[in-house]
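Take a look at the structure below.
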């Protein structure tokens, strides 16, 4: 995690405390995972983290606002890190968000307690979505054009002196739009990206439709495609109350991977905010070993 993002998180908290009329809300949650994976090489892992969030309304004057968020992840058997660290300002028509965050999701996978494809393949229109690592600037300009209609223009720029790690984007431009009417939500977006290392500018797009079946039930259908990467992904998922199930077909070149995943959350001992979630992911692909992952997650909202 870059020092810039760490300082941004601290700055957001300090600013929230310094502004006399700032409205700051804190929350936290614990998440513990036990995962068993059967593939070419079997593995068993146990881990988790505590997440502490600070959401601040730093300024509210008429229609204008300044908001900030900082999220700290305290790893139980891993390094602690900053998850979100951003500031957003604007009004009900237009706003700008800068820092470490996730932009509009063009391929929502819903209840992905465990989602472990047999191998890396496909394209889910998320190269420029966000939560980037060291040296990458990320900003998103948002425009609320009409009730339910929002445009978003994301920009990523890598400014470190050394080449980025393999798979990291040097430059990304990501326009996206979402439209909600009644129970239906439509999303569409385009990515123009340069992964560096002489790859040049490449493009891809994503499409998604979601429909609320009930207050606690939603179905999503997603599609992503990049002809430059010779990659595509198609998926569908359903969340109904505490249950979730999904399917994704990822394809890159001649490699196709099919993954089915499911999870169900049970209340834990009647404790408010506590749940135990068993989950499974089953994946198979061309020329790669099948992979099955089982996970049990304990979650408690403080």
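In full-length UniProt numbering, the protein residues as written are 1 to 302.
Note that beta-carbon positions come from the ideal geometry of N, C-alpha and C, so glycine has one too.
Starting from residue i, follow the beta strand (DSSP E) in both directions and report where the run begins and ends.
i, result
"residue 265", "Premise fails: residue 265 is in no beta strand (DSSP E) and is neither H nor E."
"residue 275", "274-285"
"residue 213", "201-214"
"residue 227", "Here residue 227 belongs to no beta strand (DSSP E), and DSSP marks it neither H nor E."
Based on the DSSP secondary-structure assignment, which residues constitute the bridge partners of residue i?
i, result
"residue 303", "Absent from the model: residue 303. The displayed extent of the chain is 1 to 302, so no value can be given."
"residue 124", "None; residue 124 has no bridge partner."
"residue 243", "240, 264"
"residue 295", "35, 279"
"residue 24", "56"
"residue 30", "50, 300"
"residue 140", "97, 154"
"residue 288", "285"
With H, G and I counted as helix, E and B as strand and the rest as coil, what does DSSP make of residue i?
i, result
"residue 60", "strand"
"residue 159", "coil"
"residue 119", "coil"
"residue 255", "strand"
"residue 170", "coil"
"residue 132", "coil"
"residue 218", "strand"
"residue 234", "strand"
"residue 42", "coil"
"residue 249", "strand"
"residue 194", "strand"
"residue 110", "coil"
Report the rounded CA-to-CA distance for residue i versus residue j, giving the unit in angstroms.
i, j, result
"residue 289", "residue 64", "54 Å"
"residue 172", "residue 43", "35 Å"
"residue 23", "residue 61", "13 Å"
"residue 310", "residue 259", "Not covered by the structure: residue 310. The range shown for the chain is 1 to 302."
"residue 116", "residue 282", "8 Å"
"residue 74", "residue 34", "17 Å"
"residue 91", "residue 45", "45 Å"
"residue 59", "residue 104", "24 Å"
"residue 137", "residue 169", "11 Å"
"residue 83", "residue 273", "22 Å"
"residue 28", "residue 48", "14 Å"
"residue 111", "residue 237", "8 Å"
"residue 155", "residue 130", "10 Å"
"residue 191", "residue 176", "9 Å"
"residue 125", "residue 301", "31 Å"
"residue 152", "residue 118", "33 Å"
"residue 256", "residue 219", "24 Å"
"residue 250", "residue 295", "22 Å"
"residue 135", "residue 193", "16 Å"
"residue 241", "residue 139", "34 Å"
"residue 261", "residue 55", "32 Å"
"residue 215", "residue 183", "10 Å"
"residue 1", "residue 206", "Reliability fails at residue 1, whose pLDDT of 44 lies under 50, so the model's placement of it is uncertain and the value that follows must be treated cautiously. Cα to Cα, residue 1 sits roughly 28 Å from residue 206."
"residue 25", "residue 185", "29 Å"
"residue 269", "residue 280", "22 Å"
"residue 267", "residue 57", "32 Å"
"residue 245", "residue 145", "34 Å"
"residue 234", "residue 221", "8 Å"
Flag residue i as yes when its Cβ comes closer than 7 Å to any non-hydrogen atom of the ligand ADP, and as no otherwise.
i, result
"residue 215", "In the structure on display, the ligand ADP does not appear, and there are no ligands present to speak of."
Inset, instruction - Give, in chain order, every unbroken run of the alpha helix (DSSP H) that is at least 4 residues long and sits entirely within the stretch 63-108. - result: Taking only runs of at least 4 residues, no alpha helix (DSSP H) segment lies wholly in the stretch 63-108.
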